[in-house]
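Inspection log for the structure reproduced underneath, given as structure tokens.
There are 2 protein chains.
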Amino acid sequence: MTDTVDCDIRQSLDRISSQMRRDYSESLRELNIYVGQENLLYRLWLGDGVTQMQLCEHLKCEPPTVTNMVKSLEQNGFIYRERDTHDARIMRIFLTDKGKELEKPVEIKWKQQQEKLLDSILPEERLLLRRLLKQIESNLL
Amino acid sequence: MTDTVDCDIRQSLDRISSQMRRDYSESLRELNIYVGQENLLYRLWLGDGVTQMQLCEHLKCEPPTVTNMVKSLEQNGFIYRERDTHDARIMRIFLTDKGKELEKPVEIKWKQQQEKLLDSILPEERLLLRRLLKQIESNLL
DNA sequence: GTAATATATTTAGCCAGCTAAATATTATTC
DNA sequence: GAATAATATTTAGCTGGCTAAATATATTAC
Numbered sequence: 001m002t003d004t005v006d007c008d009i010r011q012s013l014d015r016i017s018s019q020m021r022r023d024y025s026e027s028l029r030e031l032n033i034y035v036g037q038e039n040l041l042y043r044l045w046l047g048d049g050v051t052q053m054q055l056c057e058h059l060k061c062e063p064p065t066v067t068n069m070v071k072s073l074e075q076n077g078f079i080y081r082e083r084d085t086h087d088a089r090i091m092r093i094f095l096t097d098k099g100k101e102l103e104k105p106v107e108i109k110w111k112q113q114q115e116k117l118l119d120s121i122l123p124e125e126r127l128l129l130r131r132l133l134k135q136i137e138s139n140l141l
Numbered sequence: 001m002t003d004t005v006d007c008d009i010r011q012s013l014d015r016i017s018s019q020m021r022r023d024y025s026e027s028l029r030e031l032n033i034y035v036g037q038e039n040l041l042y043r044l045w046l047g048d049g050v051t052q053m054q055l056c057e058h059l060k061c062e063p064p065t066v067t068n069m070v071k072s073l074e075q076n077g078f079i080y081r082e083r084d085t086h087d088a089r090i091m092r093i094f095l096t097d098k099g100k101e102l103e104k105p106v107e108i109k110w111k112q113q114q115e116k117l118l119d120s121i122l123p124e125e126r127l128l129l130r131r132l133l134k135q136i137e138s139n140l141l
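Chains as they are written, first to last, in the UniProt record's numbering: chain A, 1 to 141; chain B, 1 to 141.
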């Protein structure tokens, strides 16, 4: 009995994952970025000049992924790279004006997504949902 | 106030998405398939001989994605393709023995994933969580 | 029966994500 | 100081996912 519930939850999370990604993808294309890039930019909005390794940790992805994302974002003029003066192995990533200007529009997209996701879910339910999702998050680590 | 809760929920779902994908990915590599392919195979385990368009609808993805997935699964010997005798536009997809043998192992992986996800979440909470996730799912359509 | 339209799939070329292996530079060890 | 080990990034090649455009076949309209 609990088994079918568990199965439903896994399947739901799976479908929500891919549907959210599709949604973001469409939405962010209006801003000329690709889904995933907004999370890299988010780290830079908190403070730029970080290394690619730091971006790896923040995005929880592997170095080659960051190399590719950074290359794409650089080619499209959202960021630029500078080699560290003290350690020539390290590349530091900075926002261009074009990259800085994206912060507000992306925040708006996030809010729109939140409202869409949580439509007709009550405030008390949202609190509980947050707790349960946090639990799932930590279970996955 | 509710706003930060909403934001937390979106972020949690985002992190759970990518972490689940990473987890599945590692787990399924032991079975020599890639994450996403298990959902295509699942449709075939329900009954094979379906067209690529039907796989598109089931996976909620675009035709080129199915073309690529089918090509990969065929090259690795899990499925084979036959052209429809009445309509030469249509390719019908069938499981090989190797593909059929994967059903049980994948089910086991799914169960393991469910247990991991829902560790220390109570039965009543799971019921509620399922309802809320179903709501989110329908909000996304 | 021929022309136009609809359907199913493929190709080319992007993206995020991965692994394995190569490269470059710095730090350590002897 | 030279050899070794650790760190940061890149390259090559794979995956699922996408869009736009091409191809092949079937259906419909005239």
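The beta carbon of each residue, even a glycine, is placed where N, CA and C say it ideally should be. None of the values given here were measured: they were computed from a predicted structure.
| Item | Value |
| --- | --- |
| Would a C-beta distance cut-off of 8 angstroms place TYR24 of chain B and GLN113 of chain B closer than the cut-off? | yes |
| Given that MET20 of chain B touches chain A, what residues does it touch there, using C-beta distances under 8 angstroms? | LEU13, ASP14, SER17, LEU140 |
| Tell me whether GLU101 of chain A sits in a helix, a strand or coil according to DSSP, three-state version. | coil |
| Name, please, each residue of chain A whose Cβ falls closer than 8 angstroms to the Cβ of LEU55 of chain B. | In chain order: nothing, as chain A lies at least about 14 angstroms away. |
| Using only alpha-carbon positions, find the residue among A:ARG29, A:GLU82, A:LYS98, A:ARG130 that is nearest to TRP45 of chain A. | A:LYS98 |
| DSSP on GLU82 of chain B, reduced to helix/strand/coil? | strand |
| Decide yes or no for the touch test of the stretch 103-113 of chain A against the stretch 121-130 of chain A: beta carbon pairs closer than 8 angstroms, at least 3 of them. | no |
| Looking at CYS56 of chain B: is its Cβ nearer than 8 angstroms to the Cβ of VAL70 of chain B? | no |
| Per DSSP, ILE136 of chain B is paired with what? | Bridge partners of ILE136 of chain B: none, in fact. |
| Residue range of the alpha helix (DSSP H) that MET1 of chain A falls in? | Careful: MET1 of chain A lies outside any alpha helix (DSSP H) and carries neither H nor E. |
| Return no unless some Cβ of chain A is closer than 8 angstroms to the Cβ of PRO123 of chain B. | yes |
| Could you tell me which residues DSSP pairs with LEU95 of chain B in its beta bridges? | B:ILE79 |
| Do ILE93 of chain B and ASP84 of chain B have their C-beta atoms within less than 8 angstroms of each other? | no |
| Measuring alpha carbon to alpha carbon, tell me which residue in B:LYS109, B:THR51, B:THR2 is nearest GLU30 of chain B. | B:LYS109 |
| Rounded to the nearest angstrom, what separates ARG10 of chain A and LEU140 of chain A at their Cα positions? | 13 angstroms |
| Since LEU128 of chain A meets chain B, which of its residues come closer than 9 angstroms, beta carbon to beta carbon? | GLU125, LEU128, LEU129, LEU132 |
| Can you tell me the Cα-Cα spacing of GLN75 of chain B and ASN68 of chain A, whole angstroms? | 28 angstroms |
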